Amino acid sequence: MIISDTGVPERHIAVDKWGGETMLRLEDGWCSALDRETFMCTIYENRPWPCREFEMGSDECRAERAKGM
């Protein structure tokens with residue numbers, strides 16, 4: 001869920017059947033704001049709160065990267 005207004009561009013927002021806003025995921029399951037070559041967020045300064053809580057370089061982050069590589 002996008003909990004607060006951080007300025008996420010509309011093109012990266014999906015709305016669920018209850019009207020909740022989430023980050024758009026593409027057919028491959030990855031966030032639409034993720035650059036597939038660098039694995040860096042293209043909207044880092046405007047990323048939503050859950051993404052801010054996901055610490056870059058943490059064990060959880062490295063595990064997710066390993067799944068997608």
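Under full-length UniProt numbering, think of the first position of the sequence shown as 1, with each following residue one higher.
Just so you know, even glycine gets a beta-carbon here, dropped at the ideal spot from N, CA and C.
All of these numbers come straight from a predicted model, not from anything done at the bench.
- Relative to the Cα of GLY57, the nearest Cα in the group PHE39, THR22, GLU27 belongs to PHE39.
- Straight through space, the alpha carbons of PRO50 and ASP59 are spaced by roughly 16 Å.
- With contacts defined as CB atoms closer than 8 Å, ILE43 and VAL15 fail to qualify as a contacting pair.
- Annotation for GLU53: the continuous alpha helix (DSSP H) segment containing it runs 49-53.
- Per DSSP, reduced to three states, the secondary structure at GLU21 is strand.
- With a threshold of 16 other beta carbon atoms within 10 Å, ARG47 meets it and is buried.
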